[in-house]
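J.: This note's numbering puts the first residue of the sequence shown at 13, with every later residue one more than the last. Built from N, CA and C at the ideal position, the CB exists for glycine as well. Below you'll find the structure I mean.
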Amino acid sequence: MSPWWIRIPVVFFIIFVLMEYFIDSGEKPAFLEYPITQFFLLLVLLILIAIELILKSIENVLFQTLSEDAKKRYVEARSQTWEWAWGKRMYRKLLGSKPVEKEGEIILDHNYDGIKELDNELPPWWVYLFYATIIFGVVYLARFHVFGDYDQDLEYEREVAAAQAAIEEYKKTAKDLVDVNTVQLLTDASDIDAGKAIYEVNCVVCHMADGGGGIGPNLTDQHWILGGGIKNVFNTISEGGRAGKGMVAWKQTLKPAEMAQVSSYLLTFQGTTAANPKAPEGDIWIDPDAPPVEESPADPEGMPEQQIDTAAVVSN
Ligand code: HEC
Numbered sequence: 013m014s015p016w017w018i019r020i021p022v023v024f025f026i027i028f029v030l031m032e033y034f035i036d037s038g039e040k041p042a043f044l045e046y047p048i049t050q051f052f053l054l055l056v057l058l059i060l061i062a063i064e065l066i067l068k069s070i071e072n073v074l075f076q077t078l079s080e081d082a083k084k085r086y087v088e089a090r091s092q093t094w095e096w097a098w099g100k101r102m103y104r105k106l107l108g109s110k111p112v113e114k115e116g117e118i119i120l121d122h123n124y125d126g127i128k129e130l131d132n133e134l135p136p137w138w139v140y141l142f143y144a145t146i147i148f149g150v151v152y153l154a155r156f157h158v159f160g161d162y163d164q165d166l167e168y169e170r171e172v173a174a175a176q177a178a179i180e181e182y183k184k185t186a187k188d189l190v191d192v193n194t195v196q197l198l199t200d201a202s203d204i205d206a207g208k209a210i211y212e213v214n215c216v217v218c219h220m221a222d223g224g225g226g227i228g229p230n231l232t233d234q235h236w237i238l239g240g241g242i243k244n245v246f247n248t249i250s251e252g253g254r255a256g257k258g259m260v261a262w263k264q265t266l267k268p269a270e271m272a273q274v275s276s277y278l279l280t281f282q283g284t285t286a287a288n289p290k291a292p293e294g295d296i297w298i299d300p301d302a303p304p305v306e307e308s309p310a311d312p313e314g315m316p317e318q319q320i321d322t323a324a325v326v327s328n
């Protein structure tokens, strides 16, 4: 009934859907989860093609056994099967042109050096497309200019917000992407707890549980040998301290996300008092990115004194 190029894909698709339905492969589709099913599908495809070829050759053999007369009738009947008839009818309808035999009805009566003009109707495909643009235009006008649905600014903002959310979402799953340039102070309790656990396993021997210091320097004061703030601390932990001091580079042992967590955790020591603090080492570190400290408001006493109008005094 239907042509082969519809039959094969449809049957193949049905088998594919049935296969996906019956094979339990969790989140992933079965043909990705179990590569063997790809061979199965290939086999199905080959069998479908083979069936088509066999049917075709049987038809051919039968055709050869027909008488000349019957052959003619057969070919005629074939060419009228719906697949072609439908396609041709549709094509002619959309084009809307008159068949050549009927051109006489629409020929215009002017004639330029033998060139004549036909007064054809506009082709329906074009006309319908044109109507569609009018409907689109009316809906568009009403929606955006009469009822004032979103404008381009709002659309832009929405897209940016959506992209931002997607980035946040991505960052959550890809915490290990941080490096010394992108690391930021983490404040989530889960990150701080994770940092604490890492600190207790790796760092306590030299820095003490409360950060008071031992072999390593005091981490509770504002003095830093290698610089304070999340970026410097992250860098120190990642690359290690000065050679021979005992602070190794932890990037071999800890993942970037873990270094960010432990950095954030040890910065919570800032301003606390350790039980047995080591004397400060290094310089007081001032965050260059911190917002500038507001200067105290100008002293009213410091206002310039009102000038005495000496000229007026003299003239008196
Ligand atoms: C073997 C002892 C030892 C261990 C373990 C150790 N550190 Fe250190 N740490 C030191 C020493 C010593 C220094 C000083 C380095 C220098 O002077 O260059 C230091 C310096 C630091 C500094 C810089 C302090 C400053 O004043 O600039 C930070 C931050 C730090 N360590 C964090 C950690 C973290 C986090 C861990 C655990 C992952 C850790 N350390 C493990 C010995 C250690």
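1) Is any heavy atom in the ligand HEC found nearer than 7 Å to the beta carbon of Val192?
2) Check this for me: beta carbons of Gly240 and Met259, under 8 Å apart or not?
3) For the segment 212-282, list the alpha helix (DSSP H) runs that are entirely contained and at least 4 residues long, ordered along the chain.
4) Can you look up Lys290 in the DSSP assignment and give me helix, strand or coil?
5) With respect to 7 Å, is the separation between the Cβ of Ile227 and the closest non-hydrogen atom of the ligand HEC below this value?
6) Shortest alpha-carbon distance to Tyr277 belongs to which of Val245, Ala291 and Glu293?
7) Please return the same chain residues whose Cβ sits closer than 7 Å to the Cβ of Gly224, not counting the five positions on each side in sequence.
8) Sorry if obvious, but does the Cβ on Leu57 come closer than 7 Å to a heavy atom of the ligand HEC?
9) For the alpha helix (DSSP H) containing Ile59, name the first residue and the last one.
10) At a threshold of 7 Å, does Thr248 count as lining the ligand HEC (C-beta to nearest heavy atom)?
11) What's the call for Thr248, buried or exposed, on a 16-neighbour Cβ count within 10 Å?
12) On the premise that Glu270 lies in contact with Ile179, defined as a C-beta separation below 8 Å, what is that separation, rounded to the nearest angstrom?
13) Name the two residues that bound the continuous beta strand (DSSP E) containing Asp121.
T.: Reading from the atomic positions:
1) Locating residue 192 in the sequence shown gives position 180, counting from the first residue. No, Cβ of Val192 sits at least 7 Å from all heavy atoms of the ligand HEC.
2) As a working note, residue 240 is residue 228 in the sequence shown. As a working note, residue 259 is residue 247 in the sequence shown. Taking 8 Å as the Cβ cut-off, Gly240 and Met259 do not qualify as a contacting pair.
3) Here the runs fully enclosed are 216-219, 241-251 and 268-279.
4) Numbered from 1 along the sequence shown, position 278 holds the residue referred to as residue 290. Three-state DSSP puts Lys290 in coil, outside helix and strand.
5) Translated into positions along the sequence shown, residue 227 becomes position 215. Indeed, a heavy atom of the ligand HEC lies less than 7 Å from the Cβ.
6) Within the sequence shown, numbered from 1, the residue matching residue 277 stands at position 265. With distances taken between CA atoms, Tyr277 lies nearest to Val245 out of Val245, Ala291 and Glu293.
7) Translated into positions along the sequence shown, residue 224 becomes position 212. Answer for Gly224: Asn230, Thr232, Ala286, Ala287, Asn288, Pro289 and Lys290, listed in chain order.
8) The residue labelled residue 57 in the question sits at position 45 within the sequence shown. No, the ligand HEC has no heavy atom inside 7 Å of this Cβ.
9) The sequence position of residue 59 within the sequence shown is 47, counting from 1. Element bounds for Ile59: Ile48 to Gln76.
10) Residue mapping note: residue 248 aligns to position 236 of the sequence shown, counting from 1. Distances taken from the Cβ of Thr248 to the heavy atoms of the ligand HEC include one shorter than 7 Å.
11) Residue 248 sits at position 236 when you count from the first residue of the sequence shown. By the neighbour-count rule (16 or more Cβ atoms within 10 Å), Thr248 is buried.
12) To locate residue 179, count along the sequence shown from 1; it is residue 167. To locate residue 270, count along the sequence shown from 1; it is residue 258. About 22 Å; that fails the 8 Å criterion.
13) For this step, residue 121 is matched to residue 109 along the sequence shown. Where Asp121 is concerned, the enclosing beta strand (DSSP E) stretches over Ile119 to Tyr124.
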